[in-house]
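Numbering (full-length UniProt numbering), first residue to last: 1 to 267.
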């Protein structure tokens, strides 16, 4: 009798768990866009990526928390939902400069704040999080994500992009990334920049650049999106969760510990 009762309870528990998995709310896919302070055209890259991600009916929440982002609304500490702007039928936006660091817990994590923002927003398919690599380490935690880096064709922005993926690899073990390059009418140099970053990240960090897209930020907003950007956005929307990364080798471990420095990236 006891066994049958326990079996019945277990069956009901499993059935309820299955129903929740089928019909309960699902976590939106996180797309971390890593800020680059040396890139003047980053607002245009952010806008183009938003357009590409929201294609085919995808609902998008943009959390703009970089150091160069707009100041948050004064009501954000009281009513997050009221501060989320509706930019279109499928795009919502929150100005959030400085907010992740204001809401860290005793372990230095801001994951609770990110969860609160998502709960306050309308249901979405994707969350585009624009923040520095330092804040990303506080926000992402163990959540499955492939960061999108940004750079131009100059040495400073390319070096900052490398430093960002190094920090994410060191603190979050994220060793797979996408890249947006502001080409400024120099497609060959943009391609060279993407190749150089991919090679350096691979050799010194064991990190893999999955895809990259060059964007001419001089083009008007109404211009068609580059096919490479559309493909990058499609892959972010539909990618499967990553398997566990293998342990890095000795060279990668030395680079992550700061004992070794990457070669100067020539431009």
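We put the CB at the ideal spot given by N, CA and C, even for glycine.
| Check | Outcome |
| --- | --- |
| Buried or exposed, going by whether 16 or more other CB atoms sit within 10 Å of the CB of residue 195? | exposed |
| Return the chain-ordered list of same chain residues with a C-beta closer than 8 Å to the C-beta of residue 210, the five sequence neighbours on each side being excluded. | 146, 176, 177, 178 and 235 |
| Since residue 199 sits in a beta bridge, which residues does DSSP pair it with? | None; residue 199 has no bridge partner. |
| Between which two residues does the beta strand (DSSP E) containing residue 211 stretch? | 208-215 |
| Starting from the C-beta of residue 225, find all residues in its chain whose C-beta is less than 7 Å away, skip the five residues before and the five after it, and write them out in chain order. | 48, 51 and 52 |
| For residue 83 versus residue 73, is the C-beta distance shorter than 8 Å? | yes |
| Is the number of C-beta pairs between the stretch 147-159 and the stretch 54-61 that are closer than 8 Å three or more? | no |
| Check whether the stretch 120-139 touches the stretch 30-44, taking contact to mean three or more Cβ pairs, one atom from each stretch, closer than 8 Å. | yes |
| So which of 62, 157 and 223 has the shortest CA-CA distance to residue 38? | 157 |
| Using a 10 Å radius around the Cβ and a threshold of 16 neighbouring Cβ atoms, would you call residue 106 buried or exposed? | exposed |
| If contacts are defined as beta-carbon pairs under 8 Å, then residue 181 and residue 233 qualify, I think. What distance do you get, rounded to the angstrom? | 15 Å between Cβ atoms; not a contact. |
| Residues in the same chain with beta-carbon distance under 7 Å from residue 78, minus the five sequence neighbours each way, listed in chain order, please. | none |
| Can you tell me whether residue 119 is helix, strand or coil according to DSSP? | helix |
| Under three-state DSSP, which class holds residue 140? | coil |
| Does DSSP classify residue 114 as helix, strand or coil? | helix |
| At what residues does the beta strand (DSSP E) containing residue 171 begin and finish? | It is not in any beta strand (DSSP E) - residue 171 instead sits in the alpha helix (DSSP H) that spans 155-172. |
| What does the alpha-carbon distance come out to for the pair residue 201 and residue 98? | 29 Å |
| Is the Cβ-Cβ distance between residue 135 and residue 101 less than 8 Å? | yes |
| Which of helix, strand or coil does DSSP assign to residue 135? | helix |
| Between residue 66 and residue 159, how many whole angstroms is the CB-CB distance? I'm expecting something under 8 Å. | With a Cβ gap of about 18 Å, residue 66 and residue 159 do not count as contacting. |
| What whole-angstrom Cβ distance do residue 60 and residue 124 have, given they're in contact under 8 Å? | 6 Å |
| Just to confirm before moving on: does the CB-CB distance between residue 138 and residue 108 stay below 8 Å? | yes |
| Residues bridged to residue 151 by DSSP? | 181 |
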